[in-house]
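*Asks:*
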Amino acid sequence: MTGVLEGKVALVTGSGRGMGLVDAELMAGEGAAIVLHDIDGGMVDAAAKQLRANGADVFTIVSDIADIAATRTAIAEAEDHFGRIDILVNNAGNALGGALEDLDEDAYDAVMNVHVKGTFFATQAVVPGMQRRGEGAIVNISSIWGMTGYEHSSNYCAAKAALLGFTKSWAKELAPWNIRVNAVAPGCVLTEMTIHKGQDYLDARAKLIPLGRWAEPEEMCEAVLFLASPRASFITGQVISPNGGDTIVGI
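Under my numbering, the first residue of the sequence shown is numbered 4, with each subsequent residue one higher.
The structure is reproduced here in structure tokens:
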């Protein structure tokens with residue numbers, strides 16, 4: 004039995020570790036060739052070795068997603084290597100929070116440049132090929148905080164909210180070429196970015212979630228895989244938020 008992504012090429016930004024790597028693993032398991040990207044070359048090499056050991060076809064990119072020239076060049080090399088990029092997961096991110104009055108320009112720019120500028124120009128780089136082929140899937144990784152806000156994280160929340168705006172706008176703009184654009188807005192998920200907060204914080208936050216626990220990365224990445232796959236062929240401009248019931252709203 005062939006995988007649902009057999010013959011496809013998926014680029015996942017920020018995929019040296021965490022949810023990005025899990026996204027790559029799941030897509031490779033469904034037959035996709037993978038373009039791994041991260042700013043950390045050691046992580047990219049280790050992730051590529053892991054994927055190749057499981058039979059995946061992998062091309063690697065080492066760049067700062069906010070370095071637009073470097074990222075454009077690397078994406079062009081990946082497209083030349085595989086001949087196409089069918090799926091883009093805009094996963095690269097960082098978190099430099101603080102109280103409103105304490106955030107300086109460097110912290111503001113660092114978050115906006117990665118989440119907003121990096122996502123915009125990585126998408127711009129892959130769209131022409133998708134338009135030529137008349138199909139494609141883009142998944143933006145936002146956050147529950149992009150919908151609800153969170154104290155001492157206004158730059159991060161604003162950046163993640165911007166990805167929701169991209170998702171809705173691009174879905175309308177790119178629909179004539181059968182390019183679908185959706186977003187996943189994770190709730191509380193156990194990654195390197197959250198575990199360091201300590202067990203007391205994790206336990207207290209879990210009590211506020213109706214399902215009573217934090218998610219594993221795979222529980223977020225299954226939603227990414229679904230939206231990237233032909234199984235979601237009539238879904239575009241939507242936001243899925245796997246969050247254990249942290250936000251429950253009416254229509």
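Virtual Cβ for every residue (Gly too), placed ideally from N, Cα, C. Remember, it's a predicted structure, so these values are computed and weren't measured experimentally.
1) Give the DSSP-derived three-state secondary structure of D249 in the structure shown.
2) Counting only runs of 3+ residues fully inside the region 55-115, write out the beta strand (DSSP E) ranges in chain order.
3) Quick one: what's got a C-beta closer than 7 Å to E146's C-beta in the same chain, skipping five residues either side?
4) Can you find the residues in the same chain that come closer than 8 Å, C-beta to C-beta, to G152, ignoring five residues on each side of it along the sequence?
5) Enumerate in chain order the residues of its own chain whose CB-to-CB distance from I238 is below 7 Å, with the five nearest sequence positions on each side excluded.
6) Over what stretch of residues does the alpha helix (DSSP H) that includes N185 continue unbroken?
7) Which word fits T74, buried or exposed, when buried means at least 16 other C-beta atoms lie within 10 angstroms of its C-beta?
8) Note down, in chain order, each residue of its chain lying with its Cβ closer than 7 Å to the Cβ of H155, except the 5 sequence neighbours on either side.
9) Quick one: measure Cβ to Cβ for G17 and G23, integer angstroms, because I've assumed they're closer than 8 Å.
10) Comparing alpha-carbon positions, which option in D48, R208 and I71 lies nearest G19?
11) Give me the DSSP bridge partner(s) of I37.
12) From V117 to A27, what distance separates their C-alpha atoms?
13) Let me know the secondary structure DSSP gives I198 once reduced to three states.
14) What separation, rounded to the nearest whole angstrom, lies between the Cα atoms of A226 and V92?
15) Apply the 10 Å Cβ neighbour rule to L214 and answer buried if 16 or more other Cβ atoms are within range, or exposed otherwise.
*Replies:* In brief:
1) Counting from 1 along the sequence shown, the entry for residue 249 is found at position 246. Here D249 sits in coil by DSSP.
2) 61-65 and 90-93
3) As a working mapping, residue 146 is identified with position 143 in the sequence shown. The sequence given here has Ser at residue 146, not Glu. These residues qualify, in order along the chain: K163, A188 and P189.
4) Stepping through the sequence shown from its first residue, residue 152 is reached at position 149. Within the same chain, G152 has close Cβ partners C160.
5) Along the sequence shown, read from residue 1 onward, the residue named residue 238 stands at position 235. Here the set comprises R183, N185 and L230.
6) Here the question's residue 185 lines up with position 182 in the sequence shown. Premise fails: N185 lies in the beta strand (DSSP E), I182 to V187, not in any alpha helix (DSSP H).
7) The residue you call residue 74 lines up with position 71 of the sequence shown. That one is buried.
8) Reading the sequence shown from its first residue, position 152 is the one you call residue 155. So the list reads G100, G101 and A102, once near-sequence residues are dropped.
9) Here the question's residue 17 lines up with position 14 in the sequence shown. Here the question's residue 23 lines up with position 20 in the sequence shown. Yes, they are in contact, since the Cβ atoms of G17 and G23 sit about 4 Å apart, within 8 Å.
10) For the purposes of this step, residue 19 is taken as residue 16 along the sequence shown, with counting starting at 1. Answer by Cα proximity: D48.
11) Counting from one through the sequence shown, the residue named residue 37 turns up at place 34. The partner list for I37 (beta bridge, DSSP) reads A13 and V61.
12) As a first step, residue 117 is located in the sequence shown; it is residue number 114 there, counting from the start. As a first step, residue 27 is located in the sequence shown; it is residue number 24 there, counting from the start. Rounded to the nearest angstrom, the two C-alpha atoms are 20 Å apart.
13) One-based indexing of the sequence shown puts residue 198 at position 195. Of the three classes helix, strand and coil, the one that applies to I198 here is helix, per DSSP.
14) For the purposes of this step, residue 226 is taken as residue 223 along the sequence shown, with counting starting at 1. For the purposes of this step, residue 92 is taken as residue 89 along the sequence shown, with counting starting at 1. For A226 and V92, the distance between alpha carbons rounds to 12 Å.
15) Taking the first residue of the sequence shown as position 1, residue 214 is located at position 211. Exposed, because fewer than 16 other Cβ atoms sit within 10 Å of the Cβ of L214.
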